[in-house]
Amino acid sequence: MKTFERLFIEANKWALILMLSAMAVIVFANVSLRYLTNYSITWSEEVARYLMIWVTFLGAGLALRYGNHVAITNLQDMAPRRGQILLRLLIVLLLVTFFAIMVWMGYDYMSRMRFQMTPATRISFSYVYAAMPIGFVLLIVHLLLLARGYVLDSRFEELDSAPDLASRVDETSVADGGTTSWR
Amino acid sequence: MAVILFTAFFVLLVIGMPVAFALAISAWIAVGLGSNYPQIVIVKEMFAGLDSFPLMAVPFFILAAELMTGGAMTQILLRFASQFVGHLRGGLGYANVLSSTMFAGISGSALADAAGPGAMMIRMMEKGGYDRAYASALTASTAVVGPIIPPSIIMILYAMQDDSVSVGALFMAGVVPGILICLAMLATNWYVSRKRGYKGAEARPAASEMIRTTLQAIPALMLIVIIIGGIRGGIFTPTEASVIAVFYALVCGIFIYRSLRIADLPAIVLRAAIVSVAVLLILAAARAFAWIVIIEGIPQSIAEAVGALNLSPIVFLLAVNLLLIVFGLFMDPLPGVLILVPILSPIAHALGIDPVHFAIVVIVNLTLGLVTPPVGALLFVVSSVVKIKPVDIVREMPPFLIAHLAVLLLLTFVPAISTWLPSISNF
Chain X
15 MKTFERLFIE
25 ANKWALILML
35 SAMAVIVFAN
45 VSLRYLTNYS
55 ITWSEEVARY
65 LMIWVTFLGA
75 GLALRYGNHV
85 AITNLQDMAP
95 RRGQILLRLL
105 IVLLLVTFFA
115 IMVWMGYDYM
125 SRMRFQMTPA
135 TRISFSYVYA
145 AMPIGFVLLI
155 VHLLLLARGY
165 VLDSRFEELD
175 SAPDLASRVD
185 ETSVADGGTT
195 SWR
Chain G
3 MAVILFTAFF
13 VLLVIGMPVA
23 FALAISAWIA
33 VGLGSNYPQI
43 VIVKEMFAGL
53 DSFPLMAVPF
63 FILAAELMTG
73 GAMTQILLRF
83 ASQFVGHLRG
93 GLGYANVLSS
103 TMFAGISGSA
113 LADAAGPGAM
123 MIRMMEKGGY
133 DRAYASALTA
143 STAVVGPIIP
153 PSIIMILYAM
163 QDDSVSVGAL
173 FMAGVVPGIL
183 ICLAMLATNW
193 YVSRKRGYKG
203 AEARPAASEM
213 IRTTLQAIPA
223 LMLIVIIIGG
233 IRGGIFTPTE
243 ASVIAVFYAL
253 VCGIFIYRSL
263 RIADLPAIVL
273 RAAIVSVAVL
283 LILAAARAFA
293 WIVIIEGIPQ
303 SIAEAVGALN
313 LSPIVFLLAV
323 NLLLIVFGLF
333 MDPLPGVLIL
343 VPILSPIAHA
353 LGIDPVHFAI
363 VVIVNLTLGL
373 VTPPVGALLF
383 VVSSVVKIKP
393 VDIVREMPPF
403 LIAHLAVLLL
413 LTFVPAISTW
423 LPSISNF
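Take a look at the structure:
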């Protein structure tokens with residue numbers, strides 16, 4: 015189970031990293047080409063937009079895992095511990111139900127749209143709309159992996175924080191260097 | 003359908019459901035229980051919300067800010083600001099305000115402002131003899147300029163809710179109000195520092211060192227010029243500016259400041275992606291929510307009710323301010339803009355209020371909600387970064403809140419502060 019979780023998270027992370035990077039590269043390439051050569055890539059805007067749709071749904075589960083979806087928890091925090099657990103259990107149940115419905119509705123929508131073609135790249139729209147059912151399946155998996163810690167302790171996973179880049183600046187870090195040099 | 007929608011939304015929020023899902027679930031319940039529309043409209047509207055080229059500036063500006071923090075630009079701006087004001091009484095406070103304001107010119111979010119330069123400044127101020135609570139309150143209050151000075155995530159989303167304003171026009175409109183907020187924070191720091199006798203660092207750095215720091219800061223400062231100048235001059239659109247900012251930050255970090263390594267990139271891109279996703283998902287869900295609000299004719303019926311009151315524009319603006327302040331006590335600016343703007347902006351237009359002026363009042367007001375208890379994301383971010391209780395920060399907030407309120411009133415009564423720059427920029 016641990017191995018599955020690790021592989022699942024890694025795969026999900028890399029899918030997200032590659033898609034956002036591809037989005038940036040495509041849009042940047044198009045902007046540069048247009049300014050430098052007057053030539054533009056006709057499919058770039060469309061592909062980038064669809065990548066953003068994919069990023070949103072593929073990333074929703076990871077954002078859930080790391081507690082990035084904003085919630086107002088004041089009332090929850092005021093409740094006694096038992097009440098808190100019940101409230102969070104209710105939230106998890108509501109979410110699982112909603113996610114399952116969205117998988118089904120997303121799949122339905124995707125199937126209805128499969129004969130329509132995207133304007134520039136001429137691929138079936140089902141490749142774009144598949145993002146929603148797949149994304150909500152991922153959300154269910156992420157939620158189940160998270161559920162125990164969340165319901166009992168309101169706990170989310172920690173996203174590895176960025177390496178301490180501050181220490182790599184050419185001299186002493188500014189936090190000290192800025193002041194110590196004048197004191 | 004509207005009653006079900008708002009009741010479900012309110013109940014879900016109160017029990018602690020994440021905002022994005024509270025919006026989507028309440029929309030789904032309202033369509034399912036209260037109407038004959040097929041539920042698939044929810045799916046359709048969520049896609050429609052995301053399928054937008056201007057929206058792409060959101061993930062790109064978030065990525066650019068992550069790369070900048072990773073690439074040490076934050077520290078460099080901070081050092082640049084400190085050298086001019088550090089020796090004054092309350093000097094580190096001024097440095098905090100100035101570096102946050104400069105950082106606002108390259109990042110589009112208040113939270114990035116507080117977590118980047120803000121967190122570093124608090125540590126520095128504490129060493130310089132300031133109370134940690136005061137330094138935290140100053141940082142949280144100042145971070146409000148993040149989304150007011152362009153670029154701005156919230157402005158991009160606002161422009162998607164109100165067709166009569168463009169992202170470019172809002173970006174330009176934010177410059178002067180942002181500078182005003184910066185001045186208000188400087189003044190508050192002056193007042194408190196004088197009262198408490200916060201000392202300055204002893205001497206100005208040597209001239210040679212100042213020149214070196216300034217030269218070092220130029221590539222970082224150039225980015226502000228590129229973004230604001232490029233959009234103001236109509237050279238590129240906000241989305242193009244955002245992607246240029248990404249690659250500029252990348253090149254600066256790797257080749258000029260040499261603090262960014264290729265191996266760091268996946269982690270940075272991932273963080274940016276996850277932060278963006280949280281914003282984009284709220285937007286998608288809010289679109290489904292707003293679809294119901296609009297199909298039910300809520301904006302029109304409120305507009306008629308307000309119209310019947312025969313309010314003058316300024317009374318209406320003051321009423322909106324009051325409503326938004328109350329809203330902001332509990333809610334983030336993002337859902338605020340997504341839920342309230344489709345309802346309020348048609349009324350404002352009908353009363354003849356300039357759409358850009360109205361947008362700035364709404365955005366500044368809702369952004370202030372980030373520093374007002376009981377729910378203020380900036381208070382929470384700062385408190386978790388520097389390990390201090392939110393209550394302790396709140397105790398130091400009154401002078402800052404008064405200053406913010408004064409700026410807000412000024413912006414409300416004097417439209418030209420917001421509309422002047424866009425009007426001379428041909429927006």
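Protein sequence lines correspond, in order, to chains X and G. For the first sequence, the working numbering assigns the number 15 to the initial residue and increments by one for each residue that follows. For the second sequence, the working numbering assigns the number 3 to the initial residue and increments by one for each residue that follows. Each residue gets a CB set at the ideal place from its N, CA and C atoms; glycine is no exception. These figures come from a predicted structure and were not determined experimentally.
Where residue i meets chain G, residues with beta-carbon distance less than 7 Å
| i | result |
| --- | --- |
| residue 122/X | 42 |
| residue 156/X | Near residue 156/X there are no residues of chain G at all, since even the closest Cβ is about 12 Å away, more than 7 Å. |
| residue 59/X | 55 |
| residue 85/X | 18, 19, 20, 21 |
| residue 67/X | 49, 52, 53 |
Under 7 Å from the C-beta of residue i: neighbouring residues of chain X
| i | result |
| --- | --- |
| residue 272/G | 27, 30, 31 |
| residue 62/G | 38 |
| residue 286/G | 70 |
| residue 376/G | 88 |
| residue 268/G | 31 |
| residue 15/G | 86 |
Outcome for residue i when other beta-carbon atoms lying within 10 angstroms are tallied against a minimum of 16
| i | result |
| --- | --- |
| residue 188/G | buried |
| residue 172/X | exposed |
| residue 416/G | exposed |
| residue 137/X | exposed |
| residue 183/X | For residue 183/X, the predicted model reports a pLDDT of 44, less than 50, meaning its position is unreliable; a value from the coordinates is still stated below. By the neighbour-count rule (16 or more Cβ atoms within 10 Å), residue 183/X is buried. |
| residue 182/G | buried |
| residue 24/X | exposed |
| residue 30/G | buried |
| residue 70/X | buried |
| residue 19/X | exposed |
| residue 13/G | exposed |
| residue 131/X | exposed |
| residue 50/X | exposed |
| residue 404/G | exposed |
| residue 293/G | buried |
| residue 125/X | exposed |
| residue 17/X | exposed |
| residue 98/G | buried |
Chain C within 9 Å of residue i, Cβ atoms only
| i | result |
| --- | --- |
| residue 9/G | Any reference to chain C falls outside this structure, whose protein chains are X and G. |
Identified DSSP bridge partners for residue i
| i | result |
| --- | --- |
| residue 131/X | 138/X |
Contacts that residue i makes with chain X (C-beta to C-beta distance below 8 Å)
| i | result |
| --- | --- |
| residue 221/G | Per Cβ cutoff of 8 Å: no residues; residue 221/G is ~13 Å from chain X at best. |
| residue 65/G | 34, 38 |
| residue 27/G | 108, 112 |
| residue 58/G | 37, 41, 62, 63, 66 |
Residues that residue i contacts on chain X, provided the C-beta gap is smaller than 9 Å
| i | result |
| --- | --- |
| residue 291/G | Simply none; closest approach about 14 Å. |
| residue 283/G | 70, 71, 73, 74, 77, 83 |
Proximal chain G residues relative to residue i, where beta-carbon distance stays under 8 Å
| i | result |
| --- | --- |
| residue 82/X | 276, 277, 279, 280 |
| residue 2/X | Nothing about residue 2/X can be read from this structure; chain X reaches only from 15 to 197. |
| residue 17/X | Near residue 17/X there are no residues of chain G at all, since even the closest Cβ is about 21 Å away, more than 8 Å. |
| residue 173/X | 272, 273, 276 |
| residue 45/X | 238, 242, 245, 246 |
Neighbour list for residue i in chain G, Cβ cutoff strictly below 9 Å
| i | result |
| --- | --- |
| residue 143/X | 45, 49 |
Practice prompt. Scan the stretch 117–130 of chain G for residues whose Cβ lies nearer than 7 Å to a Cβ of chain X and list them as they occur along the chain.
Written response: 122, 125, 126, 129, 130
Worksheet item: Would you call the stretch 393–402 of chain G and the stretch 327–334 of chain G touching, i.e. three or more CB-CB distances under 8 Å?
Response: no
Item to complete: Could you say if the stretch 143–154 of chain X and the stretch 51–62 of chain X meet the contact criterion of at least three C-beta pairs nearer than 8 Å?
Response: no
Worksheet item: Below 8 Å, can you find three or more Cβ-Cβ pairs linking the stretch 232–251 of chain G to the stretch 92–101 of chain G?
Response: no
Worksheet item: Are the stretch 349–365 of chain G and the stretch 35–45 of chain G in contact at 8 Å, needing three or more beta carbon pairs?
Response: no
Discussion item. Which residues of the stretch 231–254 of chain G have a Cβ closer than 8 Å to any Cβ of chain X? Give them in chain order.
Written reply: 238, 241, 242, 245, 246, 248, 249
Worksheet item: Pairing CB atoms from the stretch 160–174 of chain G with CB atoms from the stretch 106–116 of chain G, are three or more of them under 8 Å?
Response: no
Worksheet entry | the stretch 22–40 of chain X in contact with the stretch 266–281 of chain G per 3-pair CB rule at 8 Å | yes
Worksheet item: Looking at chain X, which residues of the stretch 157–175 of chain G have a Cβ within less than 8 Å of any of its Cβ atoms?
Response: none
Worksheet item: Quick check: the stretch 50–62 of chain G against the stretch 311–330 of chain G, are there 3 or more CB pairs under 8 Å?
Response: no
Discussion item. Under 8 Å: do the stretch 76–89 of chain X and the stretch 295–307 of chain G share three or more Cβ pairs, one atom per stretch?
Written reply: no
Discussion item. Output needed in chain order: residues of the stretch 331–348 of chain G with a Cβ under 9 Å from some Cβ in chain X.
Written reply: 332, 333, 334, 336, 337
Worksheet item: Are three or more beta carbon pairs between the stretch 200–210 of chain G and the stretch 74–90 of chain G nearer than 8 Å?
Response: yes
Discussion item. I'd like to know if the stretch 143–163 of chain G and the stretch 339–350 of chain G are in contact, where contact means that at least 3 CB-CB pairs between them fall below 8 Å.
Written reply: yes
Worksheet item: So does the stretch 342–354 of chain G actually touch the stretch 73–82 of chain G, counting three or more Cβ pairs closer than 8 Å?
Response: no
Discussion item. Short of 8 Å Cβ to Cβ, which residues in the stretch 98–114 of chain X face chain G?
Written reply: 101, 102, 104, 105, 108, 109, 112
Worksheet item: Is there contact here, the stretch 67–77 of chain G with the stretch 248–255 of chain G, by at least three beta-carbon pairs under 8 Å?
Response: yes
Fill in: Validate contact between the stretch 39–48 of chain X and the stretch 26–41 of chain G using beta carbons, cut 8 Å, 3 pairs
no
Fill in: Inter-stretch contact at 8 Å, needing at least 3 Cβ pairs: the stretch 119–135 of chain G / the stretch 283–290 of chain G
no
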